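**Q**
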Amino acid sequence: MQALWQAHRFSTLKTFDRKAFQHSGHIVGMCGDGANDAPALCHAQIGIAVLTATDAAKSAAGMVLTEPGLGGIVAAVKEGRVTFQRILTYTLYAIHQRRRWWGSCPSLWLVASSVTDVVIAMVLAVGGIAMTSLPVAVVAGLLAATVLFAAARDVIKIPVLAHLRIAWNAG
């Protein structure tokens, strides 16, 4: 990780530097304590206000340090990385277990019973038994919409997994 630290800058220079770094694709974090720092704090990816900052700087910042000094920034970055790793680990575990779950016998029984429930509800809805009769097109349309939604959700996962550089191995 590369970092560039600049201290004692005028607020106009902070805004200019922030725009230049963001335009070149860098992630920008700004630290400030005064009302003149509020625009830079607000527009940075992470704005950090110190404990003694003005209310304007605290409200514009995404994070407010509650202890004196800048050591809280390092602690927050470390905690964020640990949290991200935990979320990523859980996501990979859930994906792996989902594939295992679909191959087990209890899950097949669950799917079979769910399909049976859907068929029974469709017969009751189309036949008008215990409810007002619905046209077959409405029931079929709702079923198709449900299936398409589930398929679209699975298709959306592919670019997300590719973005996170997670290999998707079937089986």
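Just so we're aligned: 48 in full-length UniProt numbering is position 48 of the sequence shown, and the numbers increase by one with no gaps anywhere.
Just so you know, even glycine gets a beta-carbon here, dropped at the ideal spot from N, CA and C.
All values reported here derive from a predicted model rather than from experimental measurement.
Just to confirm my understanding: we take A44, look at its own chain, exclude 5 residues before and 5 after, and list those with CB closer than 7 Å. What are they?
**A** R18, V28, G29 and M30
**Q** Our contact map puts S11 next to N36 with C-beta atoms below 8 Å; I'd like the distance itself, whole angstroms only.
**A** 4 Å
**Q** Check whether the Cβ atoms of I46 and G62 sit closer than 8 Å, and answer yes or no.
**A** Yes, Cβ-Cβ distance for I46 and G62 is below 8 Å.
**Q** Pull up the distance between the alpha-carbon of V123 and that of L142, whole angstroms please.
**A** 14 Å
**Q** So, using beta-carbon positions, are T54 and D33 closer together than 8 Å?
**A** yes
**Q** Could you round the C-beta distance between S133 and V139 to whole angstroms and report it? I think they count as a contact, below 8 Å.
**A** In fact, because the Cβ distance is near 10 Å, the residues do not count as touching under 8 Å.
**Q** When DSSP labels each residue in this structure, what does G72 get in the three-state scheme?
**A** helix
**Q** Determine which residues share a DSSP beta bridge with M30 and list them.
**A** G47
**Q** For a test of the three-state rule: what should DSSP assign to M63, helix, strand or coil?
**A** strand
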